[in-house]
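In what follows, a single structure is set out as structure tokens and then discussed.
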Amino acid sequence: MASFARTASTALRAASRRAPRALASSATKAASYSLLTKAAVAKSAHCANPQGARGVKTLDFAGTKETVYERSDWPLAKLQDYFKNDTLALIGYGSQGHGQGLNARDNGLNVIVGVRKDGESWKQAMEDGWVPGENLFPIEEAINKGTIIMNLLSDAAQSQTWPKLAPLITKGKTLYFSHGFSVVYKEDTHVIPPTDVDVILVAPKGSGRTVRTLFKEGRGINSSIAIWQDVTGKAKEKAIALGVAVGSGYLYETTFEKEVYSDLYGERGVLMGGIQGLFLAQYQVLRKNGHSPSEAFNETVEEATQSLYPLIGAKGMDYMFNACSTTARRGALDWAPIFEKANVPIFEQLYESVKNGTETRKSLEFNGRSTYREDLNKELEVINNQEIWRAGKTVRSLRPDYKPESE
Ligand SMILES: NC(=O)c1ccc[n+]([C@@H]2O[C@H](COP(=O)([O-])OP(=O)(O)OC[C@H]3O[C@@H](n4cnc5c(N)ncnc54)[C@H](OP(=O)(O)O)[C@@H]3O)[C@@H](O)[C@H]2O)c1
5 MASFARTAST
15 ALRAASRRAP
25 RALASSATKA
35 ASYSLLTKAA
45 VAKSAHCANP
55 QGARGVKTLD
65 FAGTKETVYE
75 RSDWPLAKLQ
85 DYFKNDTLAL
95 IGYGSQGHGQ
105 GLNARDNGLN
115 VIVGVRKDGE
125 SWKQAMEDGW
135 VPGENLFPIE
145 EAINKGTIIM
155 NLLSDAAQSQ
165 TWPKLAPLIT
175 KGKTLYFSHG
185 FSVVYKEDTH
195 VIPPTDVDVI
205 LVAPKGSGRT
215 VRTLFKEGRG
225 INSSIAIWQD
235 VTGKAKEKAI
245 ALGVAVGSGY
255 LYETTFEKEV
265 YSDLYGERGV
275 LMGGIQGLFL
285 AQYQVLRKNG
295 HSPSEAFNET
305 VEEATQSLYP
315 LIGAKGMDYM
325 FNACSTTARR
335 GALDWAPIFE
345 KANVPIFEQL
355 YESVKNGTET
365 RKSLEFNGRS
375 TYREDLNKEL
385 EVINNQEIWR
395 AGKTVRSLRP
405 DYKPESE
């Protein structure tokens, strides 16, 4: 496996050097897989069935059986054959556009990018080797050329641009999203897909940068897939194949509604909003009781992120508890239900605010402003200037692997 990995990575580097701008060309196709995909191809070459072994699995998730689709069901030869008559038009080149686009291109598919000509994304796409007039076009032109229209504009921009883009999404094309946002909240976004196209979703569970990094490492990100509209009877198969094409390792089936509700809820909750609120609350009480900034930071953030949370990620909460002292375990066991009880009403309020569209309307209003970048930066600067995060900079500077330029 190690020597195989070396061979594949050498081939990939060589291919990138030879033809950085046209990896879909037949000369480079064979060498431009992620390592894992290449491994799957090598395996399938020895199979009697050139379509490869079935990778669909039904797994027991804590007593509930769910179907999971795997990349191993889509060896690269099958993937390329499946999309041989398609042009994937990637509209938008933010974090997801970058990750998904480069992965699909490296997988040897025919990918083009559509972004506005005067924007940041146009420059970024050119830096990544997309060539104006060849595989980089203004948005409308890319939609006209594409058969699979991957709408990866910001959610606010999807709503703003819809009146112009909708008439271009004609019968026979497929409309793809990475978030249920636009179509689920159609009363607010006014994104109502034409009735004669398949409408599908592949939502990677991570930033586009991670989508790219995991692919390059030969791994794959977990993604959700969902179907909004299936006019061809092939929408689900297409969603799975596209999920693999853009770099997913495992695909979990959901609905557009559930994807957007859980996503908006999670990022406002424990993933981002909740964790910032909880860190801050704990830090403030320590400071009020005379603890120094370094002590308050170490006991709130540094130990959490550097020592304990990675243990939860590796083997679960009980594993982390068991790695701590009996004193810590006793107290944490007593206080966990108190935090749970105090927080359930907040999470219920949050879920309702997501479901009834309040969160969507706020997001559309804020992110639809022409000054949204500056307005956001102002608020992030407030966080950056909070004592807890200023103290954190000094704590981080003492780490053995600290690099000043990363601050
Ligand atoms: N980021 C994530 O972690 C993540 C994860 C899963 C799913 N998603 C979903 O993936 C989709 C894309 O998200 P993203 O984070 O990659 O992108 P993003 O950063 O939110 O959006 C960036 C793209 O939107 C374009 N854009 C913004 N306003 C525009 C306008 N008025 N007209 C034309 N283009 C405009 C930008 O072009 P310019 O450079 O020209 O402004 C850029 O190409 C969203 O539906 C998002 O919810 C994101």
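In our numbering, the protein residues as written are 5 to 411. Ideal Cβ positions, reconstructed from N, Cα and C, are used throughout, including at glycine.
- The DSSP-derived three-state label of residue 357 is helix.
- Between residue 225 and residue 215 the beta-carbon gap is near 5 Å, inside 8 Å, which marks them as a contact.
- The segment 70-79 makes no contact with the segment 104-121, as fewer than three CB pairs between them are under 8 Å.
- Take the alpha-carbon of residue 119 and the one of residue 334: they are about 55 Å apart.
- Secondary structure in the segment 68-99: the beta strand (DSSP E) runs of 3 residues or longer, each lying completely within the stretch, are 68-74 and 92-95 in chain order.
- DSSP, reduced to helix, strand and coil, places residue 127 within a helical segment of the structure shown.
- Per DSSP, residue 393 is not a residue of any beta strand (DSSP E); the alpha helix (DSSP H) it occupies stretches across 391-401.
- Going by beta carbons, residue 300 and residue 313 fall outside the 7 Å limit.
- The three-state reading of DSSP puts residue 323 in helix, counting H, G and I together.
- Not one heavy atom of ligand 1 falls within 6 Å of the beta-carbon of residue 364.
- Bounds of the beta strand (DSSP E) holding residue 117 are 115-118.
- Runs of the alpha helix (DSSP H) lying entirely within the segment 333-383 and spanning at least 4 residues, in chain order: 362-371.
- With a cut-off of 6 Å, the C-beta of residue 282 is classified as distant from ligand 1, since no heavy atom of the ligand falls inside that distance.
- Of 124, 159 and 206, the smallest CA-CA separation from residue 195 is found for 159.
- Approximately 4 Å separates the beta-carbon atoms of residue 100 and residue 212; this is inside 8 Å, confirming the contact.
- Distances from the CA of residue 121 to each of 228, 98, 143 and 176 were compared; the closest alpha carbon is that of 143.
- Taken through DSSP and simplified to helix, strand or coil, residue 221 comes out as coil.
- Judged by DSSP secondary structure, residue 206 falls within the beta strand (DSSP E) whose first and last residues are 202-208.
- The C-alpha of residue 169 lies about 11 Å from the C-alpha of residue 198.
- Counting every other CB atom within 10 Å of its CB across the protein chains shown gives residue 242 a total of 16 or more, marking it as buried.
- Bounds of any beta strand (DSSP E) do not take in residue 182, whose DSSP letter is neither H nor E.
- For residue 227, the number of other beta carbons within 10 angstroms of its own is at least 16, and it is reported as buried.
- For residue 183, same chain residues with a beta-carbon under 8 Å away, outside a window of 5 residues either side, are 159, 205, 207, 263, 264 and 267 in chain order.
- DSSP places residue 139 in no beta strand (DSSP E); its state is neither H nor E.
- For residue 267, the enclosing alpha helix (DSSP H) begins and ends at 260-272.
- Under DSSP, residue 226 shares a beta bridge with 254.
- In this structure, residue 255 has its CB at a distance of at least 6 Å from all heavy atoms of ligand 1.
- Residue 369 has its alpha-carbon roughly 36 Å from the corresponding atom of residue 138.
- Distances from the CB of residue 161 to the heavy atoms of ligand 1 include at least one below 6 Å.
- With a threshold of 16 other beta carbon atoms within 10 Å, residue 250 meets it and is buried.
- Taking a 10 Å sphere around the C-beta of residue 252, we find 16 or more other C-beta atoms and assign the residue as buried.
- Sequence-distant Cβ neighbours of residue 338 in its own chain, meaning closer than 7 Å and more than five residues away, do not exist here.
- Residue 324 is classed as buried because its beta carbon has at least 16 other beta carbons within 10 Å across all chains shown.
- Listed as beta-bridge partners of residue 233 by DSSP are 203.
- Taking all protein chains in view, the Cβ of residue 394 is surrounded by fewer than 16 other Cβ atoms within 10 Å, so the residue is classified as exposed.
- Within a 10 Å sphere around the beta-carbon of residue 180 sit 16 or more other beta-carbons, which makes this residue buried.
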